[in-house]
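Chemist: Numbering (the working numbering), first residue to last: 127 to 470.
Cβ atoms here follow ideal geometry from the backbone N, Cα and C, with glycine treated the same way.
For reference, the structure I am asking about is given below.
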Ligand code: FE
């Protein structure tokens, strides 16, 4: 079944990787099939550690998009056991498409705080990422902006750059604003932010930081791990060097908005027991350490320390608003982005 699947996916420009267990153990201990929207450099070391520990072989399909569509097309015959993806929006899409099943596990519940998992066990977060303000070192004084709410202050008119309001990361942030402030206030905020844009919303998170370096804007909104990615890239390091990181607070709290990457068990999972073992392993301290630090993210397991490099960028408390509340308000947020004409 995996071979057939492999052929189909290769035909649509997806990469396939099979990580084999030590000789002689794989057949006895079985396998688990992973559809991953997360990149090979992140996932392969984790799956290798899992196989080394359990003897369970892993088969991975790496995709850039379309996993839920693929699962729907495959239906009950899908060989996938688990889906790995970024963003609460995509985890929620998988739930709404009916391609995942609820999982009850004392281990998962012990390792992952309640706000970082679906109350019904249909998805579990594995890493968290903070949505930050990147502020020009030259033109924004430290402490001059400390909250998301202040992004709507007219003092920043013509000074802010963001990607599309409809991108998952901005939709989740707006959904969090709606959850904290209610629709009316959140919409007022979005209008204020839109009025402060230096240019039409465009590009990706890193592109906004580049625009700060080039003087086009003074503030950008972006996920924290892009800071690490830019520092590690000789061409982009000057972009990162031009900004200070601000961990903004939300709604008068001391908390910062976070999004997640996570995992869900598929409805049709043919290797259910092994899938559960993989999910539990990925939430364990051993895996959480590798998982979060490989992409400059934060572990969800509170017993695991942040990687020293990421910790050096600043401390923050994640917003305690359950991600499931954000998932529920995503549609309202997308409609608001349209009403305000944020991308226009
Ligand atoms: Fe990203």
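Among residues of its own chain, excluding the 5 on either side of residue 446, which ones have a beta-carbon nearer than 7 Å to its beta-carbon?
Modeler: Residue mapping note: residue 446 aligns to position 320 of the chain shown, counting from 1. Cβ within range, chain order: 241 and 381.
Chemist: Measuring alpha carbon to alpha carbon, tell me which residue in 336, 335, 302 and 285 is nearest residue 318.
Modeler: The residue labelled residue 318 in the question sits at position 192 within the chain shown. The shortest Cα separation from residue 318 among 336, 335, 302 and 285 belongs to 285.
Chemist: In the structure shown, what three-state DSSP assignment does residue 71 receive?
Modeler: Beyond the ends of the chain as shown, which are 127 and 470, falls residue 71; an answer cannot be given.
Chemist: Report yes if the C-beta distance between residue 301 and residue 455 is below 9 Å; otherwise report no.
Modeler: As a working mapping, residue 301 is identified with position 175 in the chain shown. As a working mapping, residue 455 is identified with position 329 in the chain shown. Contact flag set, yes.
Chemist: Excluding the 5 residues preceding and the 5 following residue 360 in the sequence, name in chain order all residues of the same chain whose CB lies nearer than 6 Å to its CB.
Modeler: Counted from its first residue, the chain shown places residue 360 at position 234. So no residue of the chain qualifies.
Chemist: Relative to the ligand FE, is the shortest distance from any of its heavy atoms to the C-beta of residue 331 smaller than 8 Å?
Modeler: Residue 331 sits at position 205 when you count from the first residue of the chain shown. Yes, the Cβ of residue 331 comes within 8 Å of a heavy atom of the ligand FE.
Chemist: Taking the runs of the beta strand (DSSP E) that are 3 residues or longer, which of them lie wholly in the region 343-377?
Modeler: Those beta strand (DSSP E) runs which fall completely within the region 343-377 and span 3+ residues are 345-349 and 369-372.
Chemist: Once DSSP output is grouped into helix, strand and coil, what is the label at residue 455?
Modeler: On the chain shown, position 329 is the one that residue 455 refers to. Coil.
Chemist: CA-CA distance, residue 145 and residue 407?
Modeler: Reading the chain shown from its first residue, position 19 is the one you call residue 145. Reading the chain shown from its first residue, position 281 is the one you call residue 407. The pLDDT assigned to residue 145 is 41, lower than 50, so where the model puts this residue is not dependable; a value taken from the coordinates is nonetheless given after this. About 16 Å.
Chemist: Does the beta-carbon distance from residue 409 to residue 436 come in below 9 Å?
Modeler: Within the chain shown, the letter at position 283 stands for residue 409. Within the chain shown, the letter at position 310 stands for residue 436. Taking 9 Å as the Cβ cut-off, residue 409 and residue 436 do not qualify as a contacting pair.
Chemist: Please determine whether the Cβ atom of residue 212 lies at a distance below 8 Å from any heavy atom of the ligand FE.
Modeler: Indexing the chain shown from 1 puts residue 212 at position 86. Residue 212 Cβ: within cutoff of the ligand FE.
Chemist: If we ignore side chains and look at the alpha-carbon of each, how far apart do residue 267 and residue 256 end up?
Modeler: One-based indexing of the chain shown puts residue 267 at position 141. One-based indexing of the chain shown puts residue 256 at position 130. One C-alpha to the other measures close to 21 Å.
Chemist: Determine the extent of the alpha helix (DSSP H) in which residue 397 is found, giving its start and end residues.
Modeler: Residue numbering aside, residue 397 sits at position 271 when the chain shown is read from its first letter. Premise fails: residue 397 is in no alpha helix (DSSP H) and is neither H nor E.
Chemist: Once DSSP output is grouped into helix, strand and coil, what is the label at residue 467?
Modeler: By 1-based counting over the chain shown, the position of residue 467 is 341. Looking at residue 467 - three-state DSSP - the assignment turns out to be coil, as it is neither helix nor strand.
Chemist: Below 8 Å on the Cβ atoms is my guess for residue 294 versus residue 215; work out the distance and round it to an integer in Å.
Modeler: Locating residue 294 in the chain shown gives position 168, counting from the first residue. Locating residue 215 in the chain shown gives position 89, counting from the first residue. About 4 Å; that satisfies the 8 Å criterion.
Chemist: Relative to the C-alpha of residue 248, which candidate in 237, 276, 217 and 259 has its C-alpha closest?
Modeler: Position 122 of the chain shown, counted from the first residue, corresponds to residue 248. Closest by alpha carbon: 217.
Chemist: Suppose only complete runs of 3+ residues qualify. What are the beta strand (DSSP E) ranges in the region 237-273, listed by chain order?
Modeler: Those beta strand (DSSP E) runs which fall completely within the region 237-273 and span 3+ residues are 250-262.
Chemist: Measuring only from the beta carbon, is residue 424 closer than 8 Å to any heavy atom that is part of the ligand FE?
Modeler: What you label residue 424 is simply residue 298 of the chain shown in a count that begins at 1. No; taking the cut-off as 8 Å, the Cβ of residue 424 has no heavy atom of the ligand FE nearer than that.
Chemist: Apart from the five residues on each side of it in sequence, which residues of its chain come closer than 7 Å, Cβ to Cβ, to residue 460?
Modeler: In the chain shown, the residue the question calls residue 460 occupies position 334. Around residue 460: 292 and 297.
Chemist: Starting from residue 419 and walking both ways along the alpha helix (DSSP H), at which residues does that stretch end?
Modeler: As a working mapping, residue 419 is identified with position 293 in the chain shown. Element bounds for residue 419: 411-420.
Chemist: Beta carbon of residue 349: closer than 8 Å to some heavy atom of the ligand FE?
Modeler: As a working mapping, residue 349 is identified with position 223 in the chain shown. Residue 349: yes, Cβ under 8 Å from the ligand FE.
Chemist: Does the Cβ of residue 295 lie closer than 8 Å to at least one heavy atom of the ligand FE?
Modeler: As a first step, residue 295 is located in the chain shown; it is residue number 169 there, counting from the start. Yes - the ligand FE has a heavy atom lying nearer than 8 Å to the Cβ of residue 295.
Chemist: So what's residue 441 in DSSP terms, helix, strand or just coil?
Modeler: By 1-based counting over the chain shown, the position of residue 441 is 315. Coil at residue 441, not helix or strand.
Chemist: According to DSSP, what are the bridge partners of residue 231?
Modeler: Residue 231 sits at position 105 when you count from the first residue of the chain shown. Per DSSP, none; premise fails for residue 231.
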